[in-house]
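Undergrad: I have a structure I would like to understand better, so I am pasting it below and will then ask my questions one at a time.
Numbering (the numbering used here), first residue to last: 655 to 786.
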């Protein structure tokens, strides 16, 4: 059972839907891809462990809270799966990510977060979850 605080406001739902549409349009160019190429697509979605991890790892999105983030993941993964894509939810542990940055002497930025998310499941740095 969800707590009252787990529910999204109407504004948060609208924001999540807008972000999800933008994510699909920008990242995947679905109108330009054939059905066959979408079915071969493996798309990684990030699931941050908690609000603190989200704030630490995505400081450039102050209006994006963990509830909105998870709703966006749900909307995007549902849309992709309906089109036949494989969606992999990558659970991010903030301390493992920060350790990876230190080990590789890299700053916390959007490019390095994307690199971590796209490569970490294959090198065993973080766990994958097949469903959302």
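Where a beta carbon is used, it is the ideal one built from N, C-alpha and C, also for glycine.
Relative to the ligand PLP, is the shortest distance from any of its heavy atoms to the C-beta of residue 673 smaller than 7 Å?
TA: Looking for the ligand PLP in the displayed structure turns up nothing, as the structure carries no ligands at all.
Undergrad: Since I believe residue 695 is in contact with residue 702 (beta carbons under 8 Å), could you give me their beta-carbon distance rounded to a whole number of angstroms?
TA: No, residue 702 and residue 695 are not in contact; Cβ-Cβ is about 23 Å, not under 8 Å.
Undergrad: Can you confirm whether the stretch 704–719 touches the stretch 729–741 when touching is taken to mean that 3 or more C-beta pairs between the two stretches lie within less than 8 Å?
TA: Contact fails: fewer than three Cβ-Cβ distances are below 8 Å.
Undergrad: Identify the continuous alpha helix (DSSP H) that holds residue 752 and give its terminal residues.
TA: 748–757
Undergrad: Going straight from the alpha carbon of residue 754 to that of residue 661, what length do you get?
TA: 33 Å
Undergrad: Less than 8 Å between the CB atoms is what I'm expecting for residue 727 and residue 743, so what's the real figure, rounded?
TA: Right, their Cβ atoms sit about 7 Å apart.
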